[in-house]
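Take a look at the structure below.
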Amino acid sequence: MSLILFMIVGVIIGILINYFSDVLPVFRRIGRPVCKDCNQPFSIKDYLFSCRCSICGNKTSTRSTIVLISAIVICVLLQFFPLSILGFWETLPILVFLGVIMVIDIEHRVVLIQTSIFGFVLFFLYGIRLNDLLSTIFGALAGFLIMLIFYYLGLAFIKIAGKLRHQKIDEVAFGFGDVCLGTILGLLTGWPSIAGAFLISIFTFAAFSLVLFFALLLTKRYHAFSNTQPFTTFLILGAIVIFYL
């Protein structure tokens, strides 16, 4: 019965992540999800069950299924591998928040100010729960400063590369949303754990980028500055892994 319960919870978590990921980038607030083709609101039945717009027949994205399955798997695993001292139910708000941040950034390349504000409050409370007050504050400060350095280094790199190529480059290596998320994750992990989380993030990001580079090169689909990957996913991965080391 416990396995069935965790799977049901996983379905609910997946639905919440999909819902917030669908409405927040469009409305910047809670609202009814709309079809990406005809902009008509989904009914509850269409959105949750038929997964198809009743007006134009357009299906919901494949991402919805991936998120749903991932949420179920993660919820089942959490009963065997709890996150630090947190219980299963305490971990769920973290799972929803980080899932929403990750999906929105992958699809829209943005970390919303609305989710960032909520994250500051939520992860400050979790930081106090997991660490002491000073560790939480210093973790946030370190996360902010480290990511701010990467942010300006990224801007300088893009500027120099643009001059060398004699063209304007719109892609950015690190956005200011990454700075906000680095600060939020610093609240959660505390100091000095946030430093280790960043190291994991950087190494995994570099390894993934290298593999992607060679894959695109071999398939002749590589174009400079057009295949940048969102760093947010790797920041979140680093923060999670650090709890299990």
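The sequence shown maps to residues 4 to 248 in the working numbering. Every residue gets a Cβ at the ideal spot worked out from N, C-alpha and C, and that includes glycine. Predicted model, so just to flag it, every value in this text is computed and none were measured.
Where residue i sits in the DSSP three-state scheme
| i | result |
| --- | --- |
| V37 | strand |
| P44 | strand |
| K162 | helix |
| R55 | strand |
| N21 | helix |
| S119 | helix |
| W92 | helix |
| T222 | coil |
| V124 | helix |
| S87 | coil |
| F246 | coil |
| R132 | helix |
| P233 | coil |
| P195 | coil |
| V99 | helix |
| V114 | coil |
| G241 | helix |
| F208 | helix |
| G178 | coil |
Expected contact under 8 Å - CB spacing of residue i and residue j to nearest Å
| i | j | result |
| --- | --- | --- |
| G185 | I149 | 6 Å |
| S64 | S46 | With a Cβ gap of about 17 Å, S64 and S46 do not count as contacting. |
| G17 | L86 | Between L86 and G17 the Cβ distance is about 18 Å, and since that is not below 8 Å, they are no contact. |
| K39 | N61 | 7 Å |
| I107 | S24 | 5 Å |
| I88 | V14 | Not a contact, Cβ separation roughly 26 Å. |
| T207 | A242 | Their Cβ separation, rounded to whole angstroms, is 12 Å, which puts T207 and A242 out of contact at 8 Å. |
| W92 | F141 | Not quite, the Cβ-Cβ distance comes to about 28 Å (not below 8 Å), so this is no contact. |
| A198 | A145 | 6 Å |
Identified DSSP bridge partners for residue i
| i | result |
| --- | --- |
| K62 | R55 |
Neighbour-count burial assignment, residue i, 16 or more Cβ in a 10 Å radius
| i | result |
| --- | --- |
| P233 | buried |
| F216 | exposed |
| V99 | buried |
| L81 | buried |
| A209 | exposed |
| I69 | exposed |
| N42 | exposed |
| G130 | buried |
| L95 | buried |
| L188 | buried |
| D135 | exposed |
| F83 | exposed |
| T222 | exposed |
| P36 | buried |
| I11 | exposed |
| I104 | buried |
| A143 | buried |
| L202 | exposed |
| G122 | buried |
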